[in-house]
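Under the UniProt record's numbering, the first residue of the sequence shown is numbered 1, with each subsequent residue one higher.
The beta-carbon is built from N, C-alpha and C at its ideal position, and this holds for glycine as well.
Just so it is clear, the structure is predicted and the values come from calculations on it, not from any experiment.
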Amino acid sequence: MPSKRQSIEDTVKVPVKKFKRDSKILYSGWEVPHANYTLDSVDVKDLTPQVFYDTYVKARRPVLVKGFIQDPSFSAPSKWTNEYLTRQAGNQKVMVEERTSTAESYGKGNEVPMTFAKFISLLEAQDPLHYLTTQDVEADPETDRPQLMAPFVQALSGDFPITPALMGNLIPQNINIWMGLSTDGSTSGLHHDYHDNLYILLRGKKRFRLYSPGDVEAMYTRGTLLKVHPNGRINYVGEETTAYGADLQSDQAASAYSEQRLAEIELEAAERDLANKVPGAAARVAMAEERLEQAMEATMEVEFEDDDEDDFGDDGDDGEDDSSNDEMPSDVDNDSARVVDKTVKDPVSFSRIQTNRPKDELKAEFPRFLQAHAAFCDVNVGEMLYLPASWFHEVTSCNGPTNNGHLALNYWYHPPDAADNFAKPYTSDFWTNDYAARSRAL
Numbered sequence: 001m002p003s004k005r006q007s008i009e010d011t012v013k014v015p016v017k018k019f020k021r022d023s024k025i026l027y028s029g030w031e032v033p034h035a036n037y038t039l040d041s042v043d044v045k046d047l048t049p050q051v052f053y054d055t056y057v058k059a060r061r062p063v064l065v066k067g068f069i070q071d072p073s074f075s076a077p078s079k080w081t082n083e084y085l086t087r088q089a090g091n092q093k094v095m096v097e098e099r100t101s102t103a104e105s106y107g108k109g110n111e112v113p114m115t116f117a118k119f120i121s122l123l124e125a126q127d128p129l130h131y132l133t134t135q136d137v138e139a140d141p142e143t144d145r146p147q148l149m150a151p152f153v154q155a156l157s158g159d160f161p162i163t164p165a166l167m168g169n170l171i172p173q174n175i176n177i178w179m180g181l182s183t184d185g186s187t188s189g190l191h192h193d194y195h196d197n198l199y200i201l202l203r204g205k206k207r208f209r210l211y212s213p214g215d216v217e218a219m220y221t222r223g224t225l226l227k228v229h230p231n232g233r234i235n236y237v238g239e240e241t242t243a244y245g246a247d248l249q250s251d252q253a254a255s256a257y258s259e260q261r262l263a264e265i266e267l268e269a270a271e272r273d274l275a276n277k278v279p280g281a282a283a284r285v286a287m288a289e290e291r292l293e294q295a296m297e298a299t300m301e302v303e304f305e306d307d308d309e310d311d312f313g314d315d316g317d318d319g320e321d322d323s324s325n326d327e328m329p330s331d332v333d334n335d336s337a338r339v340v341d342k343t344v345k346d347p348v349s350f351s352r353i354q355t356n357r358p359k360d361e362l363k364a365e366f367p368r369f370l371q372a373h374a375a376f377c378d379v380n381v382g383e384m385l386y387l388p389a390s391w392f393h394e395v396t397s398c399n400g401p402t403n404n405g406h407l408a409l410n411y412w413y414h415p416p417d418a419a420d421n422f423a424k425p426y427t428s429d430f431w432t433n434d435y436a437a438r439s440r441a442l
């Protein structure tokens, strides 16, 4: 990694008094215990899905995992040479971020269309100005739900499991591939994402700086904080969600439709019993009709509220940086270049802080930042980082010893909110039902 990097915490040798948090911050997960903390690591062979969930997922605790996922279908580490990637997915179109210089952070610049094969050829020519990051995904024509991965990732999906065993019963949201080349180290900027992340490094080296969601006030985000759920899921004004990340309107609609369907099933069964002269069937029919009427009224109310929201054109999902928009725009054009600045396009989850500024400048402009405890973690090839939703992070990416760039596979998961339930880690079936529809296209 670049030797010129020096953390703010390198100058802090004693614990710093923490500021009092706002009552809207309900986060109850793990916190970084002191400044300049080195993240804990664990050998993957010492983990079972239950142990991993109880120790890290449930606690909302990031951890460096030594070793790859152990699923037999995970063959990417031995297969994913540039030649193989080109052969398997080279004809697929991708949008690649293009910087004007190596001094520019990723997340700002142009996205240009090209084939995956063309992008790989740029890396082989030692081009440090192009970076493959999250891709738009298309909606499945049958379910109208976004597909789980971009087409070029789908072309490689025989080399990795869709649902790694280690992650237990968490529900996948998206699967991405990150790829680039950097000799001096390229940075992501300080921000947070909205989903749990399993980050698997196949080439290169990554250095993570991490802050707890409980320190959101010290991160000086561009968005106005609404609240932090107990599991860490951050909400900003204008984009309130449930703790497990569902838009409130969508969640209410799903519950209403589910209740209506159950009422219909109950009424059908009662009417059959009435036709067969089963004792008590008439009373059951009356009760089922009342339940169905109430369910239909609730469904209509949600639909009317949806119409009101559509009039304002605000789906409340503007701030996601982890390719996690659950509804992609229908007018995305993958055949033309476009200007992209993710820190402006999706401003709310990005910090206004540049961490490499002098300490006295940071203290003057962002005084609380120096009171927040950072954890640091170097991720090398053959290792994985588990990062719970809404943990702030800044990532520095570098080439490995062979100078063949950096390459990572990452899984996004909807954040669980039923902490004590490994078998059913969500308080609602919303994402379970959604994933059932999305996975039919796989």
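Taking the straight line between their C-alpha atoms, what separation do you get for residue i and residue j?
| i | j | result |
| --- | --- | --- |
| residue 243 | residue 228 | 9 Å |
| residue 390 | residue 414 | 11 Å |
| residue 418 | residue 427 | 6 Å |
| residue 329 | residue 207 | Because the pLDDT of residue 329 is 35, which lies under 50, any placement of that residue in the model is unreliable, and the question is left without a value. |
| residue 410 | residue 61 | 18 Å |
| residue 313 | residue 150 | Note on residue 313: pLDDT 29, under 50, position unreliable in the model; no value is reported. |
| residue 449 | residue 159 | Absent from the structure is residue 449, since the part of the chain shown begins at 1 and ends at 442. |
| residue 291 | residue 248 | 23 Å |
| residue 375 | residue 35 | 7 Å |
| residue 245 | residue 387 | 16 Å |
| residue 38 | residue 377 | 6 Å |
| residue 75 | residue 156 | 10 Å |
| residue 323 | residue 173 | In this prediction, residue 323 scores a pLDDT of 43, lower than 50, which makes its location untrustworthy; no coordinate-derived value is stated. |
Could you tell me which of the options sits nearest to residue i, measuring between CA atoms?
| i | options | result |
| --- | --- | --- |
| residue 67 | 198, 173, 129 | 198 |
| residue 347 | 386, 189, 52 | 189 |
| residue 398 | 83, 43, 126 | 126 |
| residue 423 | 83, 169, 176, 146 | 169 |
| residue 192 | 129, 215, 202, 177 | 215 |
| residue 28 | 48, 212, 440, 356 | 212 |
| residue 78 | 203, 350, 439, 236 | 203 |
Applying the criterion that 16 or more other CB atoms from any shown protein chain within 10 Å of the CB defines a buried residue, is residue i buried or exposed?
| i | result |
| --- | --- |
| residue 265 | exposed |
| residue 263 | buried |
| residue 41 | exposed |
| residue 24 | exposed |
| residue 97 | buried |
| residue 311 | Residue confidence for residue 311 is low, a pLDDT of 31 falling below 50, so the modelled location carries little weight and cannot support an answer. |
| residue 283 | exposed |
| residue 119 | buried |
| residue 201 | buried |
| residue 116 | buried |
| residue 489 | Residue 489 lies beyond the range of the chain shown here (1 to 442); nothing can be said about it. |
| residue 434 | buried |
| residue 237 | exposed |
| residue 416 | buried |
Taking Cβ positions, are residue i and residue j nearer each other than 7 Å?
| i | j | result |
| --- | --- | --- |
| residue 482 | residue 180 | Residue 482 falls outside the range modelled here, since the chain spans only 1 to 442, and no answer is possible. |
| residue 384 | residue 51 | no |
| residue 171 | residue 153 | no |
| residue 295 | residue 270 | no |
| residue 161 | residue 71 | yes |
| residue 226 | residue 240 | yes |
| residue 437 | residue 145 | yes |
From the DSSP secondary-structure annotation, give me the bridge partner or partners of residue i.
| i | result |
| --- | --- |
| residue 98 | 110, 130 |
| residue 369 | DSSP, once it has assigned bridges, lists no residue as partnering residue 369. |
| residue 379 | 206 |
Can you tell me whether residue i sits near the ligand GTP, meaning its C-beta is under 6 Å from at least one heavy atom of the ligand?
| i | result |
| --- | --- |
| residue 367 | No copy of the ligand GTP appears in this structure; indeed no ligand is present at all. |
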